[in-house]
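Numbering (our numbering), first residue to last: 2 to 82.
Positions of the beta carbon are idealized from the N, C-alpha and C atoms, including for glycine.
Report on the structure given below.
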C-alpha cells in the first residue's frame, strides 16, 4: 500500500509527497509543466527526504574539515571564541 512504512504505519517521506501533490492540485495552470515548475521546491524536499543527498554532502564536508583540523592541529575557519 502506498504511503505505508514497514513498522511505523506511515512512510518516512509521505508528508513531503502529499505536500507536493497538494501544490500540484492547487495550481490552475493548464499545462502540467507549469505546475511542476511552481511546485519544484516541494518536489526537491520530497527527493531530499528520499535520498538525503544534501544531508550526506553536508556530513562529508563536516567530516573532511574535522579530519583536516585533527591532522593539522588548526583551528576552525571563520574565527571562533
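Rounded to the nearest whole angstrom, the C-alpha separation of residue 18 and residue 65 is 33 Å. Inter-residue distance for residue 71 and residue 63 is about 12 Å (C-alpha atoms, whole angstroms). In the same chain as residue 30, and ignoring 5 residues on each side of it, the C-beta atoms closer than 8 Å to its own belong to 36 and 39, in chain order. Within the same chain, and ignoring the five residues on either side of residue 47 in sequence, the residues whose Cβ sits closer than 8 Å to its Cβ are 14, 17, 18, 20 and 21.
For residue 59, the three-state secondary structure derived from DSSP is helix.
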